[in-house]
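Using this note's numbering, read the sequence shown as starting at 168 and increasing by one per residue. We put the beta carbon where it would ideally sit given N, CA and C, even for glycine. Quantities reported herein were computed from a predicted structural model and do not represent experimental measurements. Beneath this line is the structure, given in structure tokens, with notes to follow.
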Amino acid sequence: MATFDNTHFSPIGNRRLETKEDLQDAFKATFEPLLPAFSTGAARVRVEQGGAHFDDAAADLEGFARPLWGIVPFVAGGGKFEHWDLYHRGLTNGTDPDHPEYWGTVGDRDQRQVELAAIGFAMALIPEQFWEPLSEKAKENMVVYLRHGRDMDYPICNWRFFRVLVDLGLKTVGAQYDVKMTKEYLDDVDSYYLGDGYYGDGVEKFKMDYYNPWAFHFYGLIYAKVCPEDSERQKRYRERTRIFAEQFQHWFADDGSCIPFGRSLVYRFACGSYWAALAFADEEALPWGVIKGLYMRHMRWWTKQPISRLNSGVLSLGYAYPNSFVCENYNSPQSPYWAMKAFLPLALPSTHPFWTAQELPASSAPASLPIPGMVISHYPKNTVALMSGPQHFRDTVRFQAEKYCKFAYSTRYGFSIDANAKNFDSASFDSMIGFSEDGIHYRIRESTQARIHEDKLYSTWSPWEDVSIETWLIPQGKWHIRVHRIESGRRLDSMEGGFAISKTDAAGKINKSELPDRSYAANAEDFSGMVNLSTNRKARIHVPESNSNLMAQKTILPQLLGEIAAGSTTLFACAVLAMPDTQVANSDWKAVPEMPSEEELEAIKNLSKPVFGE
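Set out below in structure tokens:
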């Protein structure tokens, strides 16, 4: 079997990443491949021809501004940045309405508002390098541009922090702005807080994903560090983040991988930027060794993933490999550079306790998180979250159901996206059940009424008006159990999947077993199996379409196939087991947990409480 050195497929491939100096080198390796992508006037950065829902000028501004999340802490912490000429020319030309590379007028709810936050951050932290060298005319244009942008309306979501960050920059350089508008948005963000460290994102406040750590808490911690004079607010941010840290540590496995779910996963190691922000804000929400361990292990995990194309060093769209299925309609080719937020600890001196601490493991105890509706179990090299799914989620997220609504998400096995909505038999339905009337089209869980009782999840959902489903998710050691009670007014075929494991050449020889009521597949390292605990379902091993999974280009998984009669109530149940340990085929696989009794299921239902802080 051919082998390839990952240094050819990642700007940080196979790097050691143990010290501040290692992270400084990683930052430079991530930034420098962008140099050929700067435009003649240096105001635009474009790594390839591709589009998002906003205009090209805003997409090019992404490429210019997002690296600042790494440049600023690198410089603030003593690093020597060799390319200020590009940024000074770019700032001058991008904010000059008479220049061909002008970034364009900022409107209401404009993507430019997102990117201007990085510019405000730079003005606030390193004005000597970023702001002072500009000409007086360039400074005047920048203030006019930023002030106009921050005066526009922002969406009701985490974006409202962006005005605050712009204002921090304007304040630092002595520019005038309407402070009442700053406070208005800070107060509005406070109204999103649900409890247990979690904010509800969006108008309905039902979004629960990585925008909690890498947006709400990330910006709140920057504000707490830069604006200590706002004592009451920064105190609130710190209190909330201490609660959140205790919970968020459970989103990570012992090998540094994190639970991939939700939108915007193309930002990759931005998932670890929360730990970076704790360090930046001098907030020891967990012992410094634990924070450092979570951060460093996560960054090292990414050094093993092929996240750029051959020898380019340019971050690709995708997750653990280049993959456009994971993209949102707001992802341009420059969008992945929000990953630069993970370099925030570079602002700290080498003597900071974050850098001097010895790495320590995080908690490996099981965790039940009522607000996001997660039940998390930790295993070696694999953390699994049973998930309630979102409530009333009426957004335009691409493949929303796959990103938010599966029954379980794994740090090792990720999730799959079934992009072909007209091929029921080829779908993976990993950690999900799908239903079809015609054997071609299908429906899956999209929104739920979700509840939790201790470490058990209960939800109700309706793929059709005359189809009502109750779902129970119950952890059982290395297994988890799923039970579905389905009342259907129509005849349906069903298909339910376990976890998808790699079927690439690198994964090794595939072994599989198919019996009427159970099946499993195993490669050189991983095992994935599924056992039917109810009647009238047939087990099989299935190979989905390639490039459908976030973690592996080709996968294989166990499935259960069943039929539902019109006008019936059907009970489906299964036990699911997946581990990076093929020896479970001779141990745990032979000790299948029992299906809960009807009384146990009803007790869970009756004792459960709504998730999302209702």
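Quick check: the region 321-328 against the region 290-310, are there 3 or more CB pairs under 8 angstroms? no
Continuous beta strand (DSSP E) stretch holding E730: start and end: The residue you call residue 730 lines up with position 563 of the sequence shown. T722 to I731 is the extent of the beta strand (DSSP E) around E730.
Assign V634 to one of three DSSP states: helix, strand, or coil. Taking the sequence shown and counting its residues from 1, the one referred to as residue 634 is at position 467. Strand.
What runs of the beta strand (DSSP E), each 3 residues or longer, lie entirely inside the region 619-677? 623-631, 634-643, 646-655 and 659-664
Is the number of C-beta pairs between the region 437-448 and the region 588-597 that are closer than 8 angstroms three or more? no
Please classify Q401 as buried or exposed, where buried requires at least 16 neighbouring CB atoms within 10 angstroms. Here residue 401 refers to the residue found at position 234 of the sequence shown. Flag for Q401 reads buried.
Cutoff 8 angstroms; reference V340; Cβ partners in own chain excluding five residues on either side: On the sequence shown, position 173 is the one that residue 340 refers to. Cβ neighbours of V340 beyond the five flanking positions: M290, P294, W298, K306 and V310.
Looking at C-alpha atoms only, which residue of R211, L202, D223 and C494 is the closest neighbour of E249? Along the sequence shown, one-based indexing puts residue 249 at 82. Measuring from the Cα of E249, the nearest candidate turns out to be L202.
Below 6 angstroms CB to CB, which residues in the same chain sit around S701 once its five sequence neighbours on both sides are set aside? As a first step, residue 701 must be located in the sequence shown, where it is residue number 534. Hits under 6 angstroms: L738, F739 and A740.
Could you check whether W442 and I458 sit closer than 8 angstroms to each other, using their CB atoms as the reference points? Within the sequence shown, the letter at position 291 stands for residue 458. Within the sequence shown, the letter at position 275 stands for residue 442. Cβ atoms of I458 and W442: closer than 8 angstroms.
Do T736 and A689 count as a contact pair if the criterion is CB distance below 8 angstroms? In the sequence shown, counting from the first residue as 1, residue 689 sits at position 522. In the sequence shown, counting from the first residue as 1, residue 736 sits at position 569. Result no, Cβ atoms of A689 and T736 do not sit closer than 8 angstroms.
Would a C-beta distance cut-off of 8 angstroms place S661 and I600 closer than the cut-off? Numbered from its first residue, the sequence shown carries residue 661 at position 494. Numbered from its first residue, the sequence shown carries residue 600 at position 433. Yes, these two residues count as a Cβ contact at 8 angstroms.
Taking C-beta to C-beta, are G460 and A532 nearer than 8 angstroms? Locating residue 460 in the sequence shown gives position 293, where the first residue counts as 1. Locating residue 532 in the sequence shown gives position 365, where the first residue counts as 1. No.
Terminal residues of the beta strand (DSSP E) in which T550 lies: For this step, residue 550 is matched to residue 383 along the sequence shown. Looking at the DSSP string, the run of the beta strand (DSSP E) that includes T550 is N549 to M554.
Please find out if some non-hydrogen atom of the ligand NAP comes closer than 7 angstroms to the beta-carbon of V650. Absence of the ligand NAP is noted for the structure shown, with no ligands found whatsoever.
Which residue comes first and which comes last in the alpha helix (DSSP H) that contains H315? By one-based count along the sequence shown, residue 315 stands at place 148. Run containing H315: E303 to D318, per the alpha helix (DSSP H) assignment.
Please classify H384 as buried or exposed, where buried requires at least 16 neighbouring CB atoms within 10 angstroms. What you label residue 384 is simply residue 217 of the sequence shown in a count that begins at 1. By the neighbour-count rule (16 or more Cβ atoms within 10 Å), H384 is buried.
Can you give the Cα-Cα distance for P500 and R707, rounded to whole angstroms? The residue given as residue 500 occupies position 333 in the sequence shown. The residue given as residue 707 occupies position 540 in the sequence shown. When rounded, the distance between both Cα atoms is 39 angstroms.
Contact the region 336-352 vs the region 277-291: 3+ CB pairs below 8 angstroms: yes
Mapping DSSP to helix, strand and coil, what is P777? In the sequence shown, counting from the first residue as 1, residue 777 sits at position 610. Correct three-state label for P777: strand.
If M554 sits next to F428, beta carbons under 8 angstroms apart, how far is it from one beta carbon to the other, in whole angstroms? Against the sequence shown, residue 554 aligns to sequence position 387. Against the sequence shown, residue 428 aligns to sequence position 261. Taking 8 angstroms as the upper bound for CB-CB distance, M554 and F428 are in contact here, some 7 angstroms apart.
Going by CA-CA distance only, name the one from R476, S491 and L253 that's closest to L432. Locating residue 432 in the sequence shown gives position 265, where the first residue counts as 1. Answer by Cα proximity: S491.
Starting from the Cα of V542, find the closest Cα among F415, L388 and A514 and give me that residue. Translated into the one-based positions of the sequence shown, residue 542 becomes position 375. For the residues F415, L388 and A514, the minimum Cα distance to V542 belongs to F415.
Three-state secondary structure assigned by DSSP to D376: Mapped onto the sequence shown, residue 376 falls at position 209. Here D376 sits in coil by DSSP.
How long is the line joining the alpha carbons of F694 and I668, rounded to whole angstroms? Position 527 of the sequence shown holds residue 694. Position 501 of the sequence shown holds residue 668. Near 7 angstroms, if we compare the C-alpha coordinates of I668 and F694.
What is the C-beta distance between F157 and I389, in whole angstroms, given that I count them as a contact (C-beta under 8 angstroms)? Nothing about residue 157 can be reported from this structure: the residues present for the chain run from 168 to 781 only.
Buried or exposed for H647, please, with buried defined as at least 16 other CB atoms from any protein chain shown within 10 angstroms of its CB. Sequence index remark: in the sequence shown, residue 647 carries index 480 (1-based). Flag for H647 reads buried.
Residue environment, E730, which counts as buried when at least 16 other CB atoms sit within 10 Å: Here residue 730 corresponds to residue number 563 of the sequence shown, with the count starting at 1. Under this definition E730 is an exposed residue.
Please report the Cβ distance between G257 and F231, rounded to the nearest whole angstrom; I am assuming they are in contact, meaning their Cβ atoms lie under 8 angstroms. The residue labelled residue 257 in the question sits at position 90 within the sequence shown. The residue labelled residue 231 in the question sits at position 64 within the sequence shown. Yes, they are in contact, since the Cβ atoms of G257 and F231 sit about 6 angstroms apart, within 8 angstroms.
Check this for me: beta carbons of S268 and M463, under 8 angstroms apart or not? Within the sequence shown, residue 268 is the residue found at index 101, counting from 1. Within the sequence shown, residue 463 is the residue found at index 296, counting from 1. For the record, residue 268 in the displayed sequence is Glu; it is not Ser. Cβ distance not < 8 angstroms, so E268 and M463 don't count as in contact.
How would you write the range of the alpha helix (DSSP H) that F241 sits in, first residue to last? Start at 1 with the first residue of the sequence shown, and residue 241 comes out as number 74. L235 to A243 is the span of the alpha helix (DSSP H), which, as asked, contains F241.
Taking all protein chains shown into account, do 16 or more other C-beta atoms lie within 10 angstroms of the C-beta of R430, making it buried, or fewer, making it exposed? Position 263 of the sequence shown, counting from 1, holds the residue named residue 430. R430 should be labelled buried.
Mind checking G274: buried by the 16 CB within 10 Å criterion, or exposed? In the sequence shown, the residue the question calls residue 274 occupies position 107. Counting the other CB atoms within 10 Å of its CB gives G274 a total below 16, which places it among the exposed residues.
To the nearest whole angstrom, what separates the beta carbons of K187 and S713, a pair I think is in contact under 8 angstroms? Residue mapping note: residue 187 aligns to position 20 of the sequence shown, counting from 1. Residue mapping note: residue 713 aligns to position 546 of the sequence shown, counting from 1. Taking C-beta atoms under 8 angstroms as the contact rule, K187 and S713 fail to qualify, at a distance of about 40 angstroms.
Beta carbon of Y360 nearer than 8 angstroms to that of R407: Taking the sequence shown and counting its residues from 1, the one referred to as residue 360 is at position 193. Taking the sequence shown and counting its residues from 1, the one referred to as residue 407 is at position 240. In contact: Y360 and R407 (Cβ atoms closer than 8 angstroms).
Of all Cβ atoms in chain C, is any one closer than 8 angstroms to the Cβ of L774? The question asks about chain C, but that chain is absent: this structure has only one protein chain.
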